[in-house]
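Working notes for the structure below.
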Amino acid sequence: MKKLLLGAHLSIAKGLGNVHKQMYDINADCCAIFLKNQRRYESKPYNPVDVEKYKHNHKEFILNRYVSSDNKEKCGNGDMGNSDNDDRGNNSISNKDNNTTHTNNININNKYTVIDNIILPHGSYLINMASSDDSIRKKSYECLLDDMNRCKELNIKYYNLHPGSDTQKNGIRAYELVADMINKVLKETDDNINSNVNSDKSNDNNNTYIDNTNNTYKDNKPVILIENMAGQGNVLGNTFEGIKRIIDLVEDKSRIGVCLDTCHLYGAGYNISNKNTIYDGNRNCNRNRNDDDNKNITDNTDTITDKRNKYYGNFGRILDKFNNIIGIEYLKGMHINDSKEECNSRKDRHESIGKGKIGIETFRELVNDSRCRGIPLVLETPDNSKYKEEVEMLRNMAEW
Numbered sequence: 002m003k004k005l006l007l008g009a010h011l012s013i014a015k016g017l018g019n020v021h022k023q024m025y026d027i028n029a030d031c032c033a034i035f036l037k038n039q040r041r042y043e044s045k046p047y048n049p050v051d052v053e054k055y056k057h058n059h060k061e062f063i064l065n066r067y068v069s070s071d072n073k074e075k076c077g078n079g080d081m082g083n084s085d086n087d088d089r090g091n092n093s094i095s096n097k098d099n100n101t102t103h104t105n106n107i108n109i110n111n112k113y114t115v116i117d118n119i120i121l122p123h124g125s126y127l128i129n130m131a132s133s134d135d136s137i138r139k140k141s142y143e144c145l146l147d148d149m150n151r152c153k154e155l156n157i158k159y160y161n162l163h164p165g166s167d168t169q170k171n172g173i174r175a176y177e178l179v180a181d182m183i184n185k186v187l188k189e190t191d192d193n194i195n196s197n198v199n200s201d202k203s204n205d206n207n208n209t210y211i212d213n214t215n216n217t218y219k220d221n222k223p224v225i226l227i228e229n230m231a232g233q234g235n236v237l238g239n240t241f242e243g244i245k246r247i248i249d250l251v252e253d254k255s256r257i258g259v260c261l262d263t264c265h266l267y268g269a270g271y272n273i274s275n276k277n278t279i280y281d282g283n284r285n286c287n288r289n290r291n292d293d294d295n296k297n298i299t300d301n302t303d304t305i306t307d308k309r310n311k312y313y314g315n316f317g318r319i320l321d322k323f324n325n326i327i328g329i330e331y332l333k334g335m336h337i338n339d340s341k342e343e344c345n346s347r348k349d350r351h352e353s354i355g356k357g358k359i360g361i362e363t364f365r366e367l368v369n370d371s372r373c374r375g376i377p378l379v380l381e382t383p384d385n386s387k388y389k390e391e392v393e394m395l396r397n398m399a400e401w
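Each residue of the sequence shown is one higher than the one before, counting from 2 in this note's numbering.
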């Protein structure tokens with residue numbers, strides 16, 4: 002059973018080596034970071050010492066957070082097995098399997114540790130893949146390529162960014178421009194970091210193995226996650242149909258996915274709010290309001306992924322729509338935010354969980370939906386001093 006992964010967007014101002022300490026401080030399972038100064042196209046390379054410190058801390062975090070104390074010594078000594086999770090996401094190791102432990106999305110060999118998805122970097126705000134301006138396009142591509150190579154350097158699997166803004170009013174062509182840049186950067190980053198590393202094939206396509214000698218992915222191909230947008234200005238990606246149009250044009254479907262932002266969904270007109278909703282305890286909800294925002298979403302309970310979620314409501318219906326249009330297999334991460342603005346406002350103004358227009362019941366539904374398990378759920382709420390409180394609140398709302 003997949004674990005509930007909760008975290009927040011954290012700072013690297015004090016160095017990469019400080020990221021995991023911040024995760025401990027807020028009791029997080031995952032986090033988002035900027036890989037460099039998000040306000041500049043160019044940044045100096047990482048200090049190799051900082052990179053090694055980050056990798057060391059990442060290994061320690063995985064062992065402390067995801068591997069039981071009874072099994073840490075086994076992992077360190079190369080006595081590996083296969084991990085199973087109980088209903089609360091706790092790991093236990095059993096069934097010996099060569100020299101690697103699989104625990105949830107984690108692979109551990111006798112020297113190095115990795116989990117594919119607990120660190121979800123956010124791309125620079127300056128990158129505009131939809132621009133047809135040659136100068137902006139060149140700088141955007143170089144910035145994107147640099148970010149992807151930093152992901153490779155840090156053994157990070159997923160990379161999230163905004164699709165861009167159609168400032169030149171290119172229409173359909175803007176989506177093609179986005180896909181063209183994605184295709185180019187995916188090809189550019191298709192090779193292994195170290196050409197001498199031999200690739201091993203795994204029976205589990207979701208797992209990526211770590212090389213014993215140089216601590217890099219043997220199949221290190223970062224996946225780009227397109228973030229949905231609220232719809233302000235000329236931005237792309239405020240509809241599922243628009244995101245699908247980009248994905249359809251990406252050549253390597255194994256390296257493209259989606260990160261959904263709840264505030265952006267609401268701003269774009271996807272009414273995920275469950276305010277004034279009554280639950281009868283049997284997965285049925287009755288909306289006590291005149292609300293036609295979701296009237297075209299089919300509520301076919303036979304198709305619901307998680308039949309145990311008694312809180313199934315408007316958020317679940319929107320995920321059903323996402324699945325029908327894009328495919329739930331493309332959902333690789335989420336940004337968890339309430340909204341200061343009304344539904345369909347086309348405005349992106351984040352609010353603390355339960356304090357905005359979306360309301361607390363949507364987030365209760367979200368953490369109990371199995372489709373939101375095993376992927377990073379990252380807070381981007383305005384008051385980072387409340388991250389620990391919000392993480393704990395969300396965790397306490399999960400009933401399984």
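Backbone N, C-alpha and C fix where the C-beta goes; we use that ideal spot for every residue, glycine too.
None of the values given here were measured: they were computed from a predicted structure.
| Query | Result |
| --- | --- |
| Mind checking which residues open and close the alpha helix (DSSP H) that includes residue 173? | 173 to 189 |
| Along the chain, where does the beta strand (DSSP E) containing residue 160 start, and where does it finish? | 159 to 162 |
| Just tell me which of 372, 66, 44, 366 has its CA closest to the CA of residue 397. | 366 |
| Report buried or exposed for residue 122, applying the criterion of at least 16 other Cβ atoms within 10 angstroms of its Cβ. | buried |
| How many Å lie between residue 238 and residue 163 at the Cα? | 8 Å |
| With residue 380 and residue 124 assumed to form a contact (beta carbons below 8 Å), what rounded beta-carbon distance in angstroms separates them? | That belief does not hold up - the Cβ atoms of residue 380 and residue 124 are roughly 18 Å apart, past 8 Å. |
| I need the straight-line Cα distance from residue 150 to residue 229, nearest angstrom please. | 23 Å |
| To the nearest angstrom, how far is it from the Cα of residue 171 to the Cα of residue 135? | 14 Å |
| Given a cut-off of 9 Å, decide if residue 183 and residue 251 are closer than it, judged by their beta-carbon atoms. | yes |
| Would DSSP call residue 31 helix, strand or coil? | strand |
| Does DSSP put residue 236 in a helix, in a strand, or in coil? | strand |
| Rounded to whole angstroms, what is the Cα-Cα separation between residue 348 and residue 273? | 15 Å |
| Below 8 Å, how does it come out for the region 140 to 156 and the region 251 to 270: are there three or more Cβ pairs, yes or no? | no |
| Name the two residues that bound the continuous beta strand (DSSP E) containing residue 251. | From DSSP, residue 251 is part of no beta strand (DSSP E); its letter is neither H nor E. |
| Does the Cβ-Cβ distance between residue 384 and residue 310 come in under 9 Å? | no |
| What's the C-alpha gap between residue 10 and residue 177? | 30 Å |
| Are residue 232 and residue 175 touching if we call contact CB-CB under 9 Å? | no |
| Please report the Cβ distance between residue 158 and residue 224, rounded to the nearest whole angstrom; I am assuming they are in contact, meaning their Cβ atoms lie under 8 Å. | 6 Å |
| Which residue marks the beginning of the alpha helix (DSSP H) containing residue 398, and which one marks its end? | 388 to 398 |
| Considering only their Cβ atoms, is the gap separating residue 240 from residue 363 smaller than 9 Å? | no |
| Residue 247 and residue 327 look like a contact to me (Cβ under 8 Å); what is the Cβ gap, rounded to whole Å? | About 10 Å; that fails the 8 Å criterion. |
| Using a Cβ-Cβ cut-off of 6 Å (strictly less than) and excluding sequence neighbours within five positions of residue 408, which residues of its own chain qualify? | Limits of the chain in this structure are 2 at one end and 401 at the other, which puts residue 408 out of reach. |
| For residue 169, which residues in the same chain have their Cβ closer than 6 Å to its Cβ, ignoring the five residues on either side in sequence? | 133 |
| Quick one: residues in its chain with C-beta nearer than 6 Å to the C-beta of residue 21, no 5 flanking neighbours on either side, listed in chain order? | 58, 62 |
| Bridge partners for residue 377 per DSSP, in chain order? | 6 |
| Within 10 Å of its beta-carbon, does residue 30 have 16 or more other beta-carbons around it, so buried, or fewer, so exposed? | buried |
| Kindly indicate which residue of 155, 180, 119 has the alpha-carbon position closest to the one of residue 131. | 180 |
| Out of 329, 358, 334, 332, point me to the one whose CA is closest to residue 341's CA. | 358 |
| Taking its Cβ as the centre, do 16 or more other Cβ atoms sit within 10 Å of residue 391, making it buried, or is it exposed? | buried |
| Between 156, 118, 399, 319, which lies nearest to residue 267 when the distance is taken from Cα to Cα? | 319 |
| Which residue spans inside the region 299 to 353 form an unbroken alpha helix (DSSP H) run of at least 4? | 315 to 326 |
| Counting only the same chain and skipping the five closest in sequence on each side, list residues whose C-beta sits under 6 Å from that of residue 190. | 149 |
| Between the alpha carbons of residue 16 and residue 387, how many angstroms are there, rounded? | 22 Å |
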